[in-house]
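Here's the structure, in structure tokens; my notes come after.
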Amino acid sequence: MKQEIKTQNGLLRIIVVVAAACLVHGVMQGVHDNYGIMMTGLLPVTGIDYAGISFCIGTGALVYGFAQPFLGMLALKKSNAFVILMGIVFTITGLLATPLCRNFLSLFLFFGLVLPFGTTGLCFGIVMGAITPVLGERRAAVVSGIVQASAGIGDALMSPGLEAMISDFGIQTAMTVTAVPFLIMVPVALWIGKTNKVHTIQPKDETLRNESLASILKGAFRDRDYRLLVIGFSTCGFNMSIIENHLFSQYLSYGIPGRIASLTLTVYGIATMLGAVLVGFLGAKFRMKNVLGCVYAVRILVSLGFLFLPKNAVFAFAATMLLGMSGDATVPPTSGMISRKFGAEKMAVLYGFTLIGHQIGAFISSNLGGVLVKMGVGYAPLWVINMLLATIAAIASFAIHDDKALE
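Residues in the sequence shown are numbered consecutively from 1192, following my numbering.
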């Protein structure tokens, strides 16, 4: 009887931990993926043009990338819960202050630096690093797909909600309301930290705390397959920035109404969940590297569609669904291969480092889109570049060695 109760309590703890992780990551991603919708509300109140706000979003993309390995090291030396709490504070500050900005410098500070730094503290690598000691390596490999799928819930709920609030009540009300769920996360983060501390193996942690960032990265880059993963994942940022920052405005430019355009982002959110689950299933049946390569190949087809197919509501829903299926689906196999090869403790650092290249691409995409729109060129060049980058990523993924240690 005691053993049965212990098993039930253990199962309940796992369920609660996974639910808490999904809440933290899902709400964060709902903010991170909707800067493009926020832009439509900021344009009329800040007095800053499309290119200027795009530059702030692009800078935020760099912050989101470059801060991750350093926050990963901070999580090793302090705790993942400490980093999550810090992320909550910065995110709330950014959401509340951004609508009050009336010049480029203040918008750059709060929308381009503070807000994205906050969301970095709530990123996938930090959250998974917090719950893996509770779950164990085997369960964590499965749960990573569920946590990543929670990003789709954030998108599906928050995209139409943000658009409706901005249209009906304005950007200040919309971003203030968006800050409320992050207040709820404070006790969740404290509980995750307490649970994590109970399950952490201290001697191993002490060894890691004494290891430097340079030492961890040097060891990883000696591995050919890690280098190929970095190359592939670096192309993701360009693709994701088109979706997060320019897709909504692009659909509006095709004459698609705002409410329908925001609904396509709901489809995107649902599709990201399906894509993460499907990739998790395929990764159990086939080689992860081949699954990853096929995901990048889907992006080639979508880019071709944006270049050559007629643009209407039907196309928008179909294209957005494929973008969702292939968008976040690269995360579980990439993080899974890194975690299995280098250990869950280093995953936040090494996965975080792959995001530097990812976010450099996002910075380029965000700013290039703003410049192209200002010049009147349109969005077609973005899709040409995206197609070429997806081709490089697919080739790099298929070239990963067929190594059981990696998979």
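Just so you know, even glycine gets a beta-carbon here, dropped at the ideal spot from N, CA and C.
Relative to the C-alpha of residue i, which candidate in the options has its C-alpha closest?
i, options, result
"Pro1290", "Gly1238, Leu1265, Val1280 and Thr1310", "Gly1238"
"Ala1258", "Ala1590, Ala1553 and Val1540", "Val1540"
"Leu1374", "Leu1546, Met1578 and Leu1214", "Leu1214"
"Thr1463", "Leu1573, Gly1336, Leu1326 and Tyr1542", "Gly1336"
"Thr1367", "Asp1519, Thr1284 and Ala1380", "Thr1284"
"Leu1262", "Ser1494, Phe1273 and Ala1252", "Phe1273"
"Pro1501", "Ala1581, Gly1446, Phe1246 and Cys1292", "Gly1446"
"Val1318", "Phe1308, Ala1380, Asp1359 and Leu1300", "Ala1380"
"Met1592", "Phe1472, Ser1494, Asn1481 and Gly1543", "The amino acid occupying residue 1592 in the given sequence is His; Met does not appear at that position. Closest option to His1592, Cα to Cα, is Asn1481."
"Phe1412", "Leu1579, Met1431, Ile1586 and Phe1544", "Phe1544"
"Arg1418", "Leu1202, Asp1240, Ala1587 and Asp1224", "Ala1587"
"Ile1433", "Leu1514, Leu1253 and Leu1404", "Leu1514"
"Ile1206", "Val1338, Pro1235, Ile1491 and Lys1532", "Val1338"
"Ala1507", "Leu1443, Pro1372, Pro1351 and Gly1312", "Leu1443"
"Gly1534", "Thr1231, Ala1340 and Gly1410", "Gly1410"
"Gly1449", "Gly1352, Leu1579 and Gly1249", "Gly1352"
"Gln1441", "Cys1314, Leu1253, Ser1557 and Ala1252", "Ser1557"
"Pro1260", "Arg1531, Tyr1542 and Met1578", "Tyr1542"
"Gly1217", "Leu1304, Ser1341 and Thr1231", "Ser1341"
Using a Cβ-Cβ cutoff of less than 8 Å, which residues in the same chain neighbour residue i once the five nearest sequence positions on both sides are dropped?
i, result
"Val1377", "Leu1276 and Ile1279"
"Val1222", "Thr1282, Leu1286, Leu1306, Thr1310, Gly1345, Met1349 and Thr1369"
"Cys1427", "Thr1521, His1549, Gly1552 and Ala1584"
"Val1572", "First, the residue type needs correcting, since residue 1572 is Pro and not Val in the sequence shown. These residues qualify, in order along the chain: Leu1559 and Leu1563."
"Lys1193", "Legend: pLDDT at Lys1193 = 47, less than 50; position of this residue unreliable, value from coordinates given subsequently. Counting only Cβ-Cβ distances below 8 Å, and skipping sequence neighbours, we find nothing."
"Asp1240", "Leu1234 and Lys1565"
Cutting at 6 Å between CB atoms, please list the residues of its own chain near residue i, excluding the five before and the five after it.
i, result
"Ile1322", "Val1208 and Ala1212"
"Gly1243", "Phe1295"
"Phe1439", "Gly1227, Ile1228 and Ala1452"
"Thr1455", "Ala1507, Phe1508 and Thr1511"
"Asn1436", "Tyr1226, Gly1227, Ile1248 and Ser1557"
For the alpha helix (DSSP H) containing residue i, name the first residue and the last one.
i, result
"Pro1523", "Val1522 to Phe1533"
"Tyr1445", "Here Tyr1445 belongs to no alpha helix (DSSP H), and DSSP marks it neither H nor E."
"Ile1275", "Asn1271 to Ala1288"
"Ser1297", "Phe1295 to Leu1300"
"Lys1502", "From DSSP, Lys1502 is part of no alpha helix (DSSP H); its letter is neither H nor E."
"Cys1247", "Tyr1241 to Lys1268"
"Asn1577", "Ala1571 to Phe1589"
"Asn1430", "Cys1427 to Ser1432"
"Val1236", "Tyr1226 to Thr1237"
"Gly1410", "Leu1404 to Phe1412"
"Val1568", "Element bounds for Val1568: n/a, residue is neither H nor E."
"Phe1308", "Leu1306 to Thr1311"
"Gly1316", "Phe1315 to Leu1326"
Quiz prompt | Any 3 or more C-beta pairs closer than 8 Å across the segment 1561–1573 and the segment 1460–1476 | solution = Verdict: no, contact absent.
Quiz prompt | Cβ pair count under 8 Å reaching 3, the segment 1356–1366 against the segment 1411–1422 | solution = These segments do not touch.
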